[in-house]
Every structure is written in structure tokens, then in C-alpha cells.
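Quick note: the working numbering has the sequence shown finishing at residue 595, numbered continuously throughout.
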Amino acid sequence: MADVRVEKLLTSIELFSALDDVALAKLSAGAESLHLRGGEVLLREGDPSDALYVVASGRMQAFVTTDGTEALVGEIGRGEVIGEMGILADEARSATVRALRDSNLLRFPRDMFVGFLHDHPEELFAITQLIIQRLRRSIRSGPAAASVRTVAIIPLGREGETFARHLTSMFSERLDARLIGGDDVDESLGDGEMTRYLHELEASTELLVYLADRGVSAWTERCIRQADRIVLVAEAESDSALTEVEHRLLGPDRAGGRARIDLVLIHPDHTAQPSRARQWLNLRTVYRHHHVRLHSRDDLHRVVRALTGREIGLVLSGGGARGIIHIGILKALNELNIPVDVVGGSSAGALGAGSIATGGNWEHMRDSLWDNLASKGSPVDLTAPAISLAKGERITEAITGAFGDTLIENLWLRFFCVSSNLSQGEVMVHHSGLLWKALRASVSIPGLWPPVRTPDGDVLVDGAVMNNLPVDVMQSFHDGGAIIAVNLKGTAALGAVDLTESGVMSGWAPLARRVNPFAESARLPGIVDILLRSTETGNVLASKRLEREADIVLHPDVASFGLLDFEGFDRLIEVGYAAAMDEFPHHEALLSHLL
1 MADVRVEKLL TSIELFSALD DVALAKLSAG AESLHLRGGE VLLREGDPSD ALYVVASGRM
61 QAFVTTDGTE ALVGEIGRGE VIGEMGILAD EARSATVRAL RDSNLLRFPR DMFVGFLHDH
121 PEELFAITQL IIQRLRRSIR SGPAAASVRT VAIIPLGREG ETFARHLTSM FSERLDARLI
181 GGDDVDESLG DGEMTRYLHE LEASTELLVY LADRGVSAWT ERCIRQADRI VLVAEAESDS
241 ALTEVEHRLL GPDRAGGRAR IDLVLIHPDH TAQPSRARQW LNLRTVYRHH HVRLHSRDDL
301 HRVVRALTGR EIGLVLSGGG ARGIIHIGIL KALNELNIPV DVVGGSSAGA LGAGSIATGG
361 NWEHMRDSLW DNLASKGSPV DLTAPAISLA KGERITEAIT GAFGDTLIEN LWLRFFCVSS
421 NLSQGEVMVH HSGLLWKALR ASVSIPGLWP PVRTPDGDVL VDGAVMNNLP VDVMQSFHDG
481 GAIIAVNLKG TAALGAVDLT ESGVMSGWAP LARRVNPFAE SARLPGIVDI LLRSTETGNV
541 LASKRLEREA DIVLHPDVAS FGLLDFEGFD RLIEVGYAAA MDEFPHHEAL LSHLL
């Protein structure tokens with residue numbers, strides 16, 4: 001790589017952008033060029049820190065080994081720096097770094113770079129800032145992926161090329177994107193010339209979309225080697241068997257890097273409910289899957305945001321009947337044209353999240369919850385209190401009535417909900433299988449409704465017992481962007497005038513007053529209210545901590561609503577709507593950056 005090209009690259013890197021021409025020339029003169037093919041190791045954990053590297057083109061991945069298991073901790077893209085901590089601390093490499101795809105790097109030997117820092121101490125300060133920024137980012141939200149520069153579309157059916165064109169068009173609305181297929185390159189170019197040509201093309205374009213051939217070919221293999229992300233595209237109703245491309249080029253023994261693989265399932269434009277995701281997912285391991293109608297801008301934009309780290313995640317807390325507020329939140333999101341890409345929740349928030357994930361608007365969510373839950377009277381069908389106060393039939397019928405036999409894998413949006421596994425003492429995350437079963441587990445308030453049993457015999461109760469605001473869970477389902485959290489914490493009007501201060505009290509007298517039409521009711525909290533409130537407030541401190549991990553937090557005013565106040569249905573919707581319309585304008589800059 002000529003010095004002038006090295007200097008041009010270095011000036012594009014924030015770390016070196018402040019250098020004057022003399023310093024820049026000195027630094028570039030000490031650079032050594034290095035080429036790695038996908039899968040090759042740059043450095044290993046525990047090796048001496050003998051050099052600093054800058055990614056000129058391509059993409060790298062960093063791994064650490066714990067108890068013999070290697071785990072991905074981050075990705076490094078064009079213009080980013082590798083190995084600065086080892087150089088400064090004079091310590092062994094803290095991670096293994098290998099090429100995700102064919103990559104070119106600049107290597108700066110340790111002695112040369114340390115000498116440069118002595119002459120230019122301002123660079124030491126810049127590197128220290130870089131390390132601190134990376135540390136803060138990892139503490140807040142775990143490993144962060146570098147920006148995607150190349151996407152390979154692998155057609156498994158006839159619609160792959162059409163999808164590639166549509167997706168590139170969506171990309172082009174925000175950045176300089178280009179689609180390149182096998183017909184666009186000169187097949188007579190040698191391997192080195194072809195690699196150099198594609199790297200130059202990538203350097204001059206913000207995002208390059210590679211369209212592979214439908215079968216195994218040298219071009220398809222190259223597309224895979226050049227890709228930061230791989231997207232398999234198939235018609236959902238077609239044969240889900242593994243293709244030759246998947247067997248030969250994407251199998252577990254394939255050479256090369258470990259680019260994440262997404263699966264896009266194409267559905268007819270009139271599709272109301274996706275299907276057959278499980279048949280496809282059972283045969284292949286993918287990072288994410290997406291349901292897409294080719295002429296739906298919303299569906300295509302959702303894939304674009306997923307691939308470029310601009311997703312919007314929505315986390316909804318529990319709160320009994322107060323969960324109706326989530327309908328008002330969705331109403332505001334719809335009016336402000338703020339999309340939701342991933343949605344999750346706990347307890348009543350799980351019901352709201354499930355409704356949103358079906359892809360309907362706020363009116364559909366309102367009608368479904370009204371028809372199947374709120375309009376049916378109290379969901380508490382009392383029974384002999386051997387396991388719980390209520391039989392659980394009404395709440396189960398309400399959930400199955402709203403969601404039927406829908407599988408989580410077949411929802412338009414990525415979805416999860418949480419329950420509390422009493423047998424294992426841990427949070428259970430539901431992200432596959434029958435939606436109604438996951439929701440039924442998430443709302444199983446202990447003592448009120450019967451717990452749910454897992455196939456392994458574990459006992460599941462309300463998610464709010466262990467995690468009422470699962471922002472931490474959202475981070476594992478969310479690929480960068482923003483997380484919106486709705487926390488329905490608040491006070492509750494619990495009658496306490498007739499409670500004793502000793503904590504000793506017979507229930508017979510209050511019960512007699514309750515059944516006597518001429519007696520004044522006891523001013524006591526009911527057992528249902530106590531169970532609901534205990535679940536809701538079980539991890540207040542944890543919820544406050546989790547709020548800090550969200551980008552936008554809403555606190556609708558719920559103080560005037562009871563935990564079983566389904567009669568306040570319309571008023572609760574308006575409270576949620578007002579809270580969202582008041583809060584979202586304060587985050588206009590963040591949201592506009594993502595949309």
C-alpha cells in the first residue's frame with residue numbers, strides 16, 4: 001500500500017485525525033501492509049503485544065476464552081484500531097482476533113509506535129479516551145458490532161434478486177449503497193486483482209450489497225468471504241430443505257470467518273400472519289430471522305435497521321390492569337411514525353408485547369384486549385385455595401382467545417417475555433413456541449393463579465417476581481439503536497384503616513361484613529390486591545437499575561388506578577398516550593437518527 005494511501009486512511013481515523021502533515025508522514029512511513037483471508041488469525045490471546053493494527057478494509061472479530069469456551073466479545077471494522085491496550089500496558093494480548101472476511105490491515109511495530117507516542121504525547125491522550133469509551137460501551141450494553149460495510153444476499157429461491165434490489169433501495173435512502181452481482185465484475189481478473197478491485201469499491205461506497213448466484217459458484221463463494229453479514233432469502237412456502245450452497249459453503253466445517261447469518265422469509269403481500277418459520281429454523285442455525293412482504297416498506301426497513309444497528313426495542317413492565325396503558329403507548333408510537341423492531345415484556349407487559357408483535361396497530365390491540373379480557377369481567381375465577389385463589393380458566397381463555405395457536409417464531413416482530421422459574425431460581429426467557437403458553441406463564445401471579453409447568457417439570461410464575469422490567473434481556477435481542485422502557489411503577493390505594501398493628505387478625509369478621517348487605521365493608525386490602533401489589537413491587541430496586549440501561553424511559557401516572565381496574569380501560573389508554581406524547585419529543589434527535 002503506497003504511503004499516500006496510508007496517509008489518506010489514517011486521516012479518516014478519529015484517533016489520528018489531529019496529526020499534522022509531518023507527523024502523519026512519519027506514522028505512515030512506519031506502517032507495514034498485511035492481508036488476511038477470512039478465518040485467518042491475526043493475534044492470539046496470551047501472545048506478546050508486539051504491534052498495533054489498523055483495519056484498512058474488511059472486518060475482524062475478537063474472542064476471549066473462559067473455561068475452555070471461546071466467546072465473541074466484539075467486531076472491528078474499517079478504520080478501527082486493534083491492540084492499543086496491550087501496547088500501553090505492555091501486557092499480553094487480552095483476546096484472540098481473527099478475520100471475519102478477507103481483510104487488509106496496517107501493522108505498526110511496538111517499538112516504532114511507542115517511539116512515535118513519545119514524540120506526539122497528544123496521541124497517548126487520544127488512545128486513552130478510546131479505551132475509556134470502549135469500556136463504558138461494554139459496561140452499558142455488552143459487545144458492540146462495528147458498522148456494517150458489506151452485506152451478502154444468498155438467494156435460496158426465485159425472489160432473492162428482487163429482495164436484494166428492494167433492500168439496496170431502502171439502504172440508499174440513508175447512505176450511499178450499491179448492489180453488485182456476478183455480472184458486474186470482470187471474471188478474467190485474477191484473485192488478487194479481484195480482491196483489490198472489491199476493496200476499492202467498498203472504500204468508495206458506504207455500503208456494498210453483494211448478490212450471490214443461486215447455486216454454488218466462485219462468485220457466491222467470494223460474496224460469502226467478503227460479507228460482514230450474510231442474508232439467506234427464501235419464499236416461506238417453498239421447500240425448506242438445505243440447499244447445496246448451504247451444505248458446501250455455509251456448513252459448520254466451512255473455511256473462512258464467522259459472519260452472522262440472517263434468514264429472510266418472503267411472504268405474499270396479502271399475508272396477515274406469517275407461517276412456516278419453524279420448518280426453516282429447525283434445519284439451520286441463524287442469528288436472526290425476518291418475515292418480509294416484498295412490497296411492504298415497513299418490513300424492508302425493519303431488516304435495514306437490523307443490519308445497520310438502528311433497531312428500536314420496546315420493553316413493557318407489568319402492573320395488572322394498568323398494563324392497558326401500553327395500548328396508549330402504541331397509539332403514540334403509531335401517530336409519531338416511530339416503528340418498533342423488537343418487543344418484550346413481563347406479566348401484563350408481556351400481553352402488551354405479544355399484541356404489538358402480531359403487527360397490528362393500536363386499534364387492533366385495543367379491540368383484542370377488550371374483547372378477550374377487559375369486557376369479560378374479573379379474570380379471577382375463585383376456587384378452593386389449595387394452589388391458588390383462582391382456577392385460572394378465565395385468564396387462560398382470555399389469552400388463547402386473543403392469540404390462538406400463533407407461534408412466537410411466526411410473529412412479525414421479534415418478541416420475548418419472561419417468567420420466574422421457582423424450581424431453578426432464575427428468570428425464564430420465552431422466545432419460541434406457542435405464544436399463549438409463554439404469556440400464560442408470564443402472568444401467573446403466585447397465589448392468585450396456578451403456576452405453569454415446563455416440559456422438564458419446573459414451576460413457572462409471574463415474570464414480575466424476578467424481573468418486572470427486562471431491559472437486560474432486551475439487550476440480547478437487540479442489535480443497537482435505542483431501547484424504550486415503560487415502567488408502570490407507582491403507588492396503590494390499599495385500604496388499611498381496619499388492619500391491626502400487631503399483625504394478628506382473624507378473617508372471619510371481615511368476611512361476614514362483606515357478605516352482609518347491611519354492614520359497612522371492612523377497610524382492608526383484599527388478598528387479590530395484596531398478591532398483585534406484592535408481585536408488582538417485588539424488585540423495585542432492580543427495575544430502577546434496569547431503567548438506567550434504557551435510552552428512553554416512560555413513567556405514566558398510574559396512582560389513581562387499581563391493579564384490577566379494568567373499568568378504567570379507556571382512561572388508561574389516554575394516560576399512556578399522554579405520557580408518551582409528552583416524553584418522546586425530548587428524544588427527537590435520538591429517534592430521528594434511527595429512522
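Don't be surprised by glycine CBs; every beta carbon is placed ideally from N, CA and C.
Leu524 to Lys391 span [Cα, whole Å]: To locate residue 524, count along the sequence shown from 1; it is residue 524. To locate residue 391, count along the sequence shown from 1; it is residue 391. Reliability fails at Leu524, whose pLDDT of 46 lies under 50, so the model's placement of it is uncertain and no value is given.
Just to check my reading of the structure: Ala99 and Leu42 have Cβ atoms closer than 8 Å, yes? What is that Cβ distance to the nearest angstrom? By 1-based counting over the sequence shown, the position of residue 99 is 99. By 1-based counting over the sequence shown, the position of residue 42 is 42. Confirmed, Cβ separation roughly 7 Å.
Pairwise C-alpha distance: Ser423 and Lys489: Position 489 of the sequence shown, counted from the start, is the residue given in the question as residue 489. Position 423 of the sequence shown, counted from the start, is the residue given in the question as residue 423. Lys489 and Ser423: Cα-Cα distance of roughly 27 Å.
Taking the Cβ atom as the reference point for each residue, do Arg107 and Tyr53 lie within a distance shorter than 8 Å? Numbered from its first residue, the sequence shown carries residue 107 at position 107. Numbered from its first residue, the sequence shown carries residue 53 at position 53. The answer is yes: Cβ separation under 8 Å.
At least 3 beta-carbon pairs within less than 8 Å: the segment 461 to 469 vs the segment 377 to 395: no
Cβ-based neighbour list, Ala332, same chain, cut-off 6 Å, excluding 5 preceding and 5 following: Position 332 of the sequence shown, counting from 1, holds the residue named residue 332. Once the five neighbours on either side are set aside, the close Cβ partners of Ala332 are Tyr577, Ala580, Met581.
Report the option in Asp557, Thr396, Leu448 whose CA atom is closest to the CA atom of Ala438. Sequence index remark: in the sequence shown, residue 438 carries index 438 (1-based). When only C-alpha atoms are compared, the closest one is Thr396.
On the DSSP bridge list, what partners appear for Asn468? Position 468 of the sequence shown, counted from the first residue, corresponds to residue 468. Answer is none; Asn468 lacks a bridge partner.
For Gly404, which of Ser12, Trp436, Glu588 has the nearest alpha-carbon? Sequence index remark: in the sequence shown, residue 404 carries index 404 (1-based). Comparing Cα positions, the closest option is Trp436.
Best match in Leu105, Leu351, Glu123 for proximity to Phe113 [C-alpha to C-alpha]: The residue labelled residue 113 in the question sits at position 113 within the sequence shown. Taking only the C-alpha atoms, the option nearest Phe113 is Glu123.
By DSSP, does Thr65 sit in helix, in strand, or in coil? Walking along the sequence shown from the start, residue 65 turns up at place 65. In this structure, Thr65 counts as strand in the three-state DSSP scheme.
What number of angstroms, rounded off, separates the C-alpha of His430 from the C-alpha of Arg288? Translated into the one-based positions of the sequence shown, residue 430 becomes position 430. Translated into the one-based positions of the sequence shown, residue 288 becomes position 288. If I take the Cα positions, the gap works out to 15 Å.
Does DSSP classify Glu588 as helix, strand or coil? Position 588 of the sequence shown, counted from the start, is the residue given in the question as residue 588. Looking at Glu588 - three-state DSSP - the assignment turns out to be helix.
Please report the residue range of the alpha helix (DSSP H) in which Val114 lies. By one-based count along the sequence shown, residue 114 stands at place 114. Where Val114 is concerned, the enclosing alpha helix (DSSP H) stretches over 110 to 119.
Check whether the Cβ atoms of Arg178 and Leu198 lie closer than 8 Å to each other. Taking the sequence shown and counting its residues from 1, the one referred to as residue 178 is at position 178. Taking the sequence shown and counting its residues from 1, the one referred to as residue 198 is at position 198. The answer is no: Cβ separation not under 8 Å.
Cross-strand partners of Val315 (DSSP beta bridge): Here the question's residue 315 lines up with position 315 in the sequence shown. BP columns for Val315 point to Gly344, Ala485.
Residues that DSSP places opposite Arg229 in a beta bridge: In the sequence shown, counting from the first residue as 1, residue 229 sits at position 229. Val151, Arg260, per the DSSP bridge assignment.
When burial is assigned at 16 or more other CB atoms within 10 Å of the CB, is Thr168 buried or exposed? The residue you call residue 168 lines up with position 168 of the sequence shown. Label assigned to Thr168: buried.
Which residues in the same chain have their Cβ closer than 6 Å to the Cβ of Val55, if we skip the five residues on either side of it in sequence? Looking up residue 55 in the sequence shown gives position 55. The residues are Ile76, Arg78, Glu80, Leu105.
Is the segment 152 to 165 in contact with the segment 183 to 196, if contact means three or more CB pairs nearer than 8 Å? no
Where does the unbroken beta strand (DSSP E) through Ile552 begin, and where does it stop? One-based indexing of the sequence shown puts residue 552 at position 552. Here the beta strand (DSSP E) through Ile552 covers 552 to 554.
Look at the Cβ atom of Ile325, then the Cβ atom of Val575, and state whether they are nearer than 8 Å. Reading the sequence shown from its first residue, position 325 is the one you call residue 325. Reading the sequence shown from its first residue, position 575 is the one you call residue 575. Taking 8 Å as the Cβ cut-off, Ile325 and Val575 qualify as a contacting pair.
Beta strand (DSSP E) segment containing Arg98, residue limits: Working through the sequence shown from its first residue, we reach residue 98 at position 98. 96 to 99 is the extent of the beta strand (DSSP E) around Arg98.
On the criterion of 16 or more Cβ atoms from any shown chain inside 10 Å, does Ala625 qualify as buried, or is it exposed? The first residue shown for the chain is 1 and the last is 595, placing residue 625 beyond what the model contains.
Looking only at its chain, what residues have a beta carbon closer than 7 Å to the beta carbon of His166, apart from the 5 residues adjacent to it on each side? Position 166 of the sequence shown, counted from the first residue, corresponds to residue 166. If we look at His166 and ignore the five residues flanking it on each side, its Cβ neighbours are Leu294, Leu300.
Alpha carbon to alpha carbon, how far is Ser172 from Leu330? Position 172 of the sequence shown, counted from the first residue, corresponds to residue 172. Position 330 of the sequence shown, counted from the first residue, corresponds to residue 330. Computed Cα separation, rounded: 28 Å.
Quick check: the segment 58 to 74 against the segment 7 to 16, are at least 3 beta-carbon pairs closer than 8 Å? no
At least three beta-carbon pairs within less than 8 Å, the segment 473 to 480 to the segment 349 to 358: no
Among Arg302, Ala234, Pro585, Asp458, which has the Cα closest to the Cα of Leu336? Against the sequence shown, residue 336 aligns to sequence position 336. Nearest option by C-alpha distance: Pro585.
Neighbourhood of Arg440 by C-beta, 7 Å cutoff - its chain only, sequence neighbours within 5 removed: Here residue 440 is taken as the residue at index 440 of the sequence shown, counted from 1. Counting only Cβ-Cβ distances below 7 Å, and skipping sequence neighbours, we find Thr396, Ile399, Val452.
Using only CA atoms, which one of Gly401, Glu549, Pro48, Val292 lies nearest to Glu237? Within the sequence shown, the letter at position 237 stands for residue 237. Considering only alpha carbons, the answer is Val292.
Where does the unbroken alpha helix (DSSP H) through Leu211 begin, and where does it stop? One-based indexing of the sequence shown puts residue 211 at position 211. Run containing Leu211: none in the alpha helix (DSSP H); it sits in the beta strand (DSSP E), 207 to 211.
Have a look at Met85 and Val97 and give me their C-alpha separation to the nearest angstrom. On the sequence shown, position 85 is the one that residue 85 refers to. On the sequence shown, position 97 is the one that residue 97 refers to. When the Cα atoms are used, Met85 and Val97 turn out to be separated by approximately 14 Å.
Please classify Ala29 as buried or exposed, where buried requires at least 16 other C-beta atoms within 10 Å of its C-beta. Taking the first residue of the sequence shown as 1, we reach residue 29 at position 29. Exposed.
What first and last residue would you give for the alpha helix (DSSP H) that runs through Val22? Walking along the sequence shown from the start, residue 22 turns up at place 22. Where Val22 is concerned, the enclosing alpha helix (DSSP H) stretches over 21 to 29.
8 Å contact criterion, which Ile224 and Ala272 should meet: CB distance rounded: Residue numbering aside, residue 224 sits at position 224 when the sequence shown is read from its first letter. Residue numbering aside, residue 272 sits at position 272 when the sequence shown is read from its first letter. About 34 Å; that fails the 8 Å criterion.
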